[in-house]
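Participant:
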Amino acid sequence: METNHETAQKSGFGSKLGFILAAAGSAVGLGNIWRFPYLAAKYGGGIFLLIYLILAVTFGFSLMITEIAIGRKTGKSVIGAYADISKKFSPLCWLAAFVPVIITPYYCVIGGWVLKYLLTFVTGQGSTAGGDGAFFSSFIGRAGQPTVCFLIFLLVTALVVMLGVQKGIERISKFMMPVLVLLTIGIAVYTLTLDGAAAGVKYYLLPNLEGFTAEKLLKTVAAAMGQLFYSMSLAMGIMVTYGSYMRKEDSLEQSVRQIEIFDTGIAILAGLIIVPAVFVFSGGDTNALNAGPSLMFITLPNVFGSMTGGQVVGAVFFVLVALAAMTSSISLMETVVSIIMEKFGLKRIPACIITVLCCLLLGMLSVLGYSTWSNVRLIGMQFLDFFDFISNNIMMPVVALLTCILIGWVVKPEYVEDEVLVSQKSFRARMLLSVMLRYVCPVCMIIILLTPFVTEI
Ligand code: PFF
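The following block contains the structure:
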């Protein structure tokens with residue numbers, strides 16, 4: 010059977026820059042823009058940042074380079090890749106394949122919400138979007154508009170994926186990512202010049218050790234690790250898929266470092282936009298940095314509403330969020346498409362059509378979970394929350410744990426090392442990778458899996 014790598018001669022990434030921008034585009038998403046800032050604010054500001062940075066260059070680096078190496082070495086989709094390494098690990102193939110199948114639909118639903126806000130600000134109606142949250146709840150509480158927004162977001166994503174790796178994904182990433190960086194820097198500079206922003210910057214960047222108990226430290230480490238997964242698009246098959254399109258001559262180690270810098274840099278900058286702006290607006294009330302969708306869809310529109318030039322800043326901000334979400338949803342969908350192409354021997358367009366149909370089915374559950382079926386609950390959660398919970402809190406840590414066992418103990422870290430050495434003379438992080446994959450990452454995964462239960466007790 011033809012592997013992705015063989016087809017890569019025709020349709021893989023055409024350049025190292027193209028690969029890095031596409032992978033960074035996958036990593037930089039909703040997670041960087043609303044999740045990272047509120048977690049940093051919640052878990053002691055500078056302490057969270059420090060723990061996150063240490064984990065990113067050790068734990069995040071090791072998992073990312075492992076996934077990309079698996080993809081590049083096997084040249085296959087996530088299902089074929091894991092099966093190639095060990096037949097005994099075939100449940101891992103399926104579990105890893107299901108993660109993007111579950112995430113892509115609801116990610117596109119949230120992408121649709123972003124489009125609605127973008128349109129609201131662009132048409133000069135941003136001042137109606139905040140308030141006490143009535144705008145948001147009445148928007149998601151109806152079936153029609155969220156469905157249309159979801160469909161638009163889904164179809165644009167599908168269109169890019171249909172165009173293929175080089176003509177679609179690489180080309181769009183090369184355009185979108187530089188625009189995204191410029192917009193992020195532009196808005197950060199603007200919000201930092203607001204009166205009173207300095208207090209927010211201090212709160213965000215300086216470590217806050219007040220009441221920092223052992224329990225809080227454990228929760229902070231678990232939150233930072235969870236965020237790393239989310240942010241770096243790990244354990245969802247994306248990096249294996251993109252790795253399978255990577256050129257053999259490009260350095261893996263250097264590429265992973267660059268993707269990490271991109272991803273963490275944008276997350277820190279997003280925090281420099283959101284935390285000071287919310288601080289100025291709320292007069293220093295940290296509760297305003299509350300978790301979840303309310304920060305992006307209720308608090309921030311209020312913040313923009315109270316700012317001079319807030320209409321324009323709001324519009325630019327939602328363009329930025331839409332770009333970030335789009336490059337991530339493209340990578341999620343490409344992962345599903347690559348699985349269908351490989352498993353069923355289909356061409357790209359039919360595989361895309363099947364993927365879109367699956368997304369429609371699952372995505373509509375998330376859309377209607379807030380309106381027509383708002384009283385349906387799965388283990389006490391609405392559909393969207395349920396999909397988010399089982400993918401992020403259960404499936405992804407399990408996939409990562411099994412990957413560590415497979416590479417760390419079954420085939421040994423030399424598997425990754427050999428692939429790294431295909432494109433460079435030496436591998437500086439050899440020891441780090443081995444210790445991380447064999448000991449540290451598995452323990453971390455178990456901590457992530459158990460923390461919700463332990464803290465509950
Ligand atoms: N890494 C992307 C983000 O930070 O938004 C993409 C992503 C992560 C999508 C996690 C979905 C997800 F559950």
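FYI, the numbering for the sequence shown is 10 to 466, going by the working numbering.
For each residue, glycine too, the CB sits at the ideal point set by N, CA and C.
Given the structure is predicted, the values throughout are model-derived calculations rather than measurements.
(1) CB-CB under 8 Å to L164, same chain, minus the five flanking residues each way: which ones, in chain order?
(2) Express the C-alpha separation of F313 and H14 in angstroms, rounding to a whole number.
(3) Hey, L48 and A232 are a contact pair by Cβ (cut 8 Å); roughly how many whole angstroms apart?
(4) Spatial neighbours of V346 within its chain, please: C-beta separation below 8 Å, excluding the five flanking residues on both sides.
(5) What do you reckon, is the C-beta of L341 under 7 Å from a heavy atom of the ligand PFF?
(6) For a test of the three-state rule: what should DSSP assign to G314, helix, strand or coil?
(7) For Y448, does the count of other Cβ atoms within 10 angstroms reach 16, so buried, or fall short, so exposed?
(8) Taking the straight line between their C-alpha atoms, what separation do you get for G53 and F290?
(9) Counting pairs of beta carbons, one from the stretch 319-331 and one from the stretch 124-136, are three or more of them closer than 8 Å?
(10) On the CB-based measure, 16 or more other CB atoms within 10 Å of its CB, does T16 come out buried or exposed?
(11) For I414 and L304, I'd like the C-alpha separation in whole angstroms.
(12) Between the beta-carbon of E269 and the beta-carbon of A65, is there less than 8 Å?
(13) Would you kindly check if the distance between the Cβ of T344 and the Cβ of V37 is under 8 Å?
(14) Can you grab the Cα-Cα spacing for the pair C158 / K125, in whole Å?
(15) Could you check whether Y212 and N401 sit closer than 8 Å to each other, using their CB atoms as the reference points?
(16) By Cβ distance below 6 Å, which residues in the same chain neighbour W43 in space, the five residues on each side in sequence not counted?
(17) Please confirm whether S242 and S340 have their CB atoms less than 8 Å apart.
(18) Cβ of L201 within 8 Å of Cβ of L281?
(19) Only counting the same chain, and skipping five residues up and downstream in sequence, which positions put a Cβ closer than 6 Å to that of I9?
(20) Which residues in the same chain have their Cβ closer than 7 Å to the Cβ of C453, if we skip the five residues on either side of it in sequence?
(21) DSSP three-state call for G54: helix, strand or coil?
(22) Quick check: the Cα distance between V420 and N217, rounded to an integer number of angstroms?
(23) Just confirm the distance between the C-beta atoms of A105 and Y116, as a whole number of angstroms; I'd bet it's less than 8 Å.
(24) I'd like the span of the alpha helix (DSSP H) that includes P216, first residue to last.
(25) Could you check the C-alpha separation between V444 and F436 for me, to the nearest Å?
(26) From this set, Y61, L458 and L215, which residue's C-alpha is nearest N41's C-alpha?
(27) Going straight from the alpha carbon of V210 to that of P310, what length do you get?
(28) Taking all protein chains shown into account, decide if T317 is buried (16 or more other Cβ within 10 angstroms of its Cβ) or exposed.
(29) Quick check on M248: does DSSP put it in helix, strand or coil?
(30) Determine the direct distance from the alpha carbon of T336 to that of G34, and round the result to whole angstroms.
(31) In the DSSP assignment, the alpha helix (DSSP H) including K356 goes from what residue to what residue?
(32) For I181, verify whether its CB is less than 7 Å away from any heavy atom of the ligand PFF.
(33) How would you call E179, buried or exposed, if buried means at least 16 neighbouring beta carbons within 10 angstroms?
(34) Is P100 buried or exposed, if buried means 16 or more other CB atoms sit within 10 Å of its CB?
(35) Should Q18 go down as buried or exposed, given a rule of 16 or more other Cβ atoms within 10 Å for buried?
(36) For M10, I'd like the list of residues in its chain whose CB is within less than 7 Å of its CB, leaving aside the five on either flank, ordered along the chain.
Facilitator: From the atom records:
(1) For the purposes of this step, residue 164 is identified with residue 155 of the sequence shown, where counting begins at 1. Taken in chain order, the residues that qualify are V365.
(2) Sequence index remark: in the sequence shown, residue 14 carries index 5 (1-based). Sequence index remark: in the sequence shown, residue 313 carries index 304 (1-based). Per-residue confidence for H14 stands at a pLDDT of 47, beneath the threshold of 50, marking its modelled position as unreliable; no derived number is given.
(3) Numbered from its first residue, the sequence shown carries residue 48 at position 39. Numbered from its first residue, the sequence shown carries residue 232 at position 223. At roughly 5 Å, the Cβ-Cβ gap stays under 8 Å, so L48 and A232 are in contact.
(4) Along the sequence shown, read from residue 1 onward, the residue named residue 346 stands at position 337. Result list for V346: V170, R357, A360, C361 and T364, in chain order.
(5) As a position in the sequence shown, residue 341 is number 332, starting the count at 1. Flag set: Cβ of L341 near the ligand PFF.
(6) For this step, residue 314 is matched to residue 305 along the sequence shown. Helix at G314.
(7) By 1-based counting over the sequence shown, the position of residue 448 is 439. Flag for Y448 reads exposed.
(8) By 1-based counting over the sequence shown, the position of residue 53 is 44. By 1-based counting over the sequence shown, the position of residue 290 is 281. Approximately 20 Å between the Cα atoms of the pair.
(9) yes
(10) In the sequence shown, the residue the question calls residue 16 occupies position 7. Low confidence applies to T16: its pLDDT is 48, below 50, so where it sits in the model is not reliable, and the reading given next is rough at best. So T16 ends up on the buried side.
(11) Numbered from its first residue, the sequence shown carries residue 414 at position 405. Numbered from its first residue, the sequence shown carries residue 304 at position 295. I414 and L304: Cα-Cα distance of roughly 38 Å.
(12) As a working note, residue 269 is residue 260 in the sequence shown. As a working note, residue 65 is residue 56 in the sequence shown. It is a contact, given that the beta carbons lie within the stated cut-off.
(13) Taking the sequence shown and counting its residues from 1, one reaches residue 37 at position 28. Taking the sequence shown and counting its residues from 1, one reaches residue 344 at position 335. Going by C-beta atoms, V37 is not nearer than 8 Å to T344.
(14) On the sequence shown, position 149 is the one that residue 158 refers to. On the sequence shown, position 116 is the one that residue 125 refers to. If I take the Cα positions, the gap works out to 7 Å.
(15) Residue mapping note: residue 401 aligns to position 392 of the sequence shown, counting from 1. Residue mapping note: residue 212 aligns to position 203 of the sequence shown, counting from 1. Going by C-beta atoms, N401 is not nearer than 8 Å to Y212.
(16) Within the sequence shown, the letter at position 34 stands for residue 43. So the qualifying residues of the chain are L304 and M305.
(17) For the purposes of this step, residue 242 is identified with residue 233 of the sequence shown, where counting begins at 1. For the purposes of this step, residue 340 is identified with residue 331 of the sequence shown, where counting begins at 1. The answer is yes: Cβ separation under 8 Å.
(18) Along the sequence shown, one-based indexing puts residue 201 at 192. Along the sequence shown, one-based indexing puts residue 281 at 272. Against a cut-off of 8 Å, the Cβ pair of L281 and L201 comes out as a contact.
(19) Lying outside 10 to 466, the shown extent of the chain, residue 9 is not represented and no answer is given.
(20) Here residue 453 corresponds to residue number 444 of the sequence shown, with the count starting at 1. Answer for C453: F68 and M234, listed in chain order.
(21) One-based indexing of the sequence shown puts residue 54 at position 45. Note: G54 maps to strand in three-state DSSP.
(22) Mapped onto the sequence shown, residue 420 falls at position 411. Mapped onto the sequence shown, residue 217 falls at position 208. In a straight line, the C-alpha of V420 is about 43 Å away from that of N217.
(23) By 1-based counting over the sequence shown, the position of residue 105 is 96. By 1-based counting over the sequence shown, the position of residue 116 is 107. Contact doesn't hold; Cβ gap of about 17 Å is too wide.
(24) Taking the sequence shown and counting its residues from 1, one reaches residue 216 at position 207. Counting along the chain, P216 falls outside any alpha helix (DSSP H), and DSSP gives it neither H nor E.
(25) Taking the first residue of the sequence shown as position 1, residue 444 is located at position 435. Taking the first residue of the sequence shown as position 1, residue 436 is located at position 427. Answer to the nearest angstrom: the Cα atoms are 14 Å apart.
(26) The residue labelled residue 41 in the question sits at position 32 within the sequence shown. The option with the nearest alpha carbon to N41 is Y61.
(27) Against the sequence shown, residue 210 aligns to sequence position 201. Against the sequence shown, residue 310 aligns to sequence position 301. If you take the alpha carbons of V210 and P310, they lie about 20 Å apart.
(28) Your numbering for residue 317 matches position 308 in the sequence shown. Under this definition T317 is an exposed residue.
(29) Along the sequence shown, one-based indexing puts residue 248 at 239. In this structure, M248 counts as helix in the three-state DSSP scheme.
(30) Working through the sequence shown from its first residue, we reach residue 34 at position 25. Working through the sequence shown from its first residue, we reach residue 336 at position 327. One C-alpha to the other measures close to 5 Å.
(31) Position 347 of the sequence shown holds residue 356. Per DSSP, K356 belongs to no alpha helix (DSSP H) and is neither H nor E.
(32) Here residue 181 corresponds to residue number 172 of the sequence shown, with the count starting at 1. Every heavy atom of the ligand PFF is 7 Å or more from the Cβ of I181, so no.
(33) Position 170 of the sequence shown, counted from the start, is the residue given in the question as residue 179. Classification for E179: buried.
(34) As a working note, residue 100 is residue 91 in the sequence shown. Exposed, because fewer than 16 other Cβ atoms sit within 10 Å of the Cβ of P100.
(35) Taking the first residue of the sequence shown as 1, we reach residue 18 at position 9. Low local confidence applies: a pLDDT of 41 at Q18 is under 50, so the model's placement there is unreliable, with the coordinate-based value given in what follows. Under this definition Q18 is an exposed residue.
(36) The count along the sequence shown starts at 1 and reaches residue 10 at position 1. Annotation note: pLDDT 49 at M10 (below 50); position unreliable, coordinate value reported separately. Excluding positions up to five away in sequence, the list is empty.
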